[in-house]
Amino acid sequence: MIVNLKLLILAILMVCIYIPMSNTWVLNDDEIAVSENTKEIIKRGQKKVIEYAQMVNMNINKRQNEEQAVEEQKEEQAVEEQKEEQAVEDQKEEQKEEQKEEQEEEQEEEEKENEEEEEQEEEEEQEEEEQEEEEENEEEEQEEENEEEEEEENEEEEEEENEEEEEENEEEEEENEEEEEEEEEEEEKKKMKKKNKKKKKKKNKKKKKKKNKKKKKKKKMKKKKKKRRRRRRRRRK
Numbered sequence: 001m002i003v004n005l006k007l008l009i010l011a012i013l014m015v016c017i018y019i020p021m022s023n024t025w026v027l028n029d030d031e032i033a034v035s036e037n038t039k040e041i042i043k044r045g046q047k048k049v050i051e052y053a054q055m056v057n058m059n060i061n062k063r064q065n066e067e068q069a070v071e072e073q074k075e076e077q078a079v080e081e082q083k084e085e086q087a088v089e090d091q092k093e094e095q096k097e098e099q100k101e102e103q104e105e106e107q108e109e110e111e112k113e114n115e116e117e118e119e120q121e122e123e124e125e126q127e128e129e130e131q132e133e134e135e136e137n138e139e140e141e142q143e144e145e146n147e148e149e150e151e152e153e154n155e156e157e158e159e160e161e162n163e164e165e166e167e168e169n170e171e172e173e174e175e176n177e178e179e180e181e182e183e184e185e186e187e188e189k190k191k192m193k194k195k196n197k198k199k200k201k202k203k204n205k206k207k208k209k210k211k212n213k214k215k216k217k218k219k220k221m222k223k224k225k226k227k228r229r230r231r232r233r234r235r236r237k
């Protein structure tokens, strides 16, 4: 649009300059002189047209400068908006990274807690197994004690019977000395068995004491772990 206006102004200037010159040529050809007044009028008209054209050209340049300034302002505004959008996006990315870091920290804490719970469950299972073994050992010991009591009762009965038999069979003692010796040997064997059983009982009692000490230590460690967990939870809160 601006280029077309400039071309139109140039065309008007050419026409204004060409017409008076062509008229003088015609007058010269016809040998007619043009008066000085007409020349002055033409010059004034040419000046006015030139001034008008200059004014129009200045206005056009002014508009061009204004439009260029507006475009530059728009470009600057667009650049600022782009910078603001980029800053917002950067801030969002930073927030996302912070959220990821927080999530990773929470996951690590959960994994640690799960590991501690698993360790505690394993310890509890181990304690249950040990307790079951102790109960089985106690049952076995009780059975052994019952057997020993039965054996003692049987021995007492046998002794009573033997005493009665001895009283009744005093006359047959000489004949049955060999049998008595054999019985004495059997009794000695039984006594040795009793001694061995007593030794086993003492060993089992010592083992029980050691296990009880271990249990007490484990209970103390559990209490300490619970206290630590409570402190950690309070700190997190």
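Going by the UniProt record's numbering, the letters in the sequence shown line up with residues 1 to 237, in that order. Cβ atoms here follow ideal geometry from the backbone N, Cα and C, with glycine treated the same way.
CB contact flag (residue i, residue j, <8 Å)
i	j	result
LYS195	GLU144	no
LYS211	GLU97	no
LYS218	GLU127	yes
ASN204	GLU119	no
Reduced DSSP category for residue i - H, G, I as helix; E, B as strand; rest coil
i	result
GLU172	coil
ASP30	At ASP30 the pLDDT is 44, less than 50, meaning the model places this residue with poor confidence; the figure from the coordinates comes in the next sentence. Coil.
Proximal residues to residue i (C-beta, below 8 Å), its chain only, five neighbours per side dropped
i	result
residue 243	Given a span of 1 to 237 for the chain in the structure shown, any question on residue 243 remains unanswerable.
GLU183	ASN162
GLU148	LYS194 and LYS197
ARG231	none
Neighbourhood of residue i by C-beta distance below 7 Å, restricted to the same chain and skipping five residues each side
i	result
GLU153	none
VAL79	none
Chain-order list of residues whose beta-carbon lies under 6 Å from that of residue i (same chain, five-residue window excluded)
i	result
ARG63	none
residue 257	Residue 257 is absent from the structure shown; the chain starts at 1 and stops at 237.
Contact with chain B by residue i, beta-carbon distance below 8 Å
i	result
LYS224	In the structure shown, chain B cannot be found, because there is only a single protein chain.
May I have a chain-ordered list of the beta strand (DSSP E) segments no shorter than 3 residues that lie completely inside the stretch 37-69?
The stretch 37-69 contains no complete beta strand (DSSP E) run of 3 or more residues.
Give, in chain order, every unbroken run of the beta strand (DSSP E) that is at least 3 residues long and sits entirely within the stretch 186-219.
Entirely contained in the stretch 186-219, not one beta strand (DSSP E) run reaches 3 residues.
If we require 3 or more residues per run, which beta strand (DSSP E) segments fall completely within the stretch 107-165?
none
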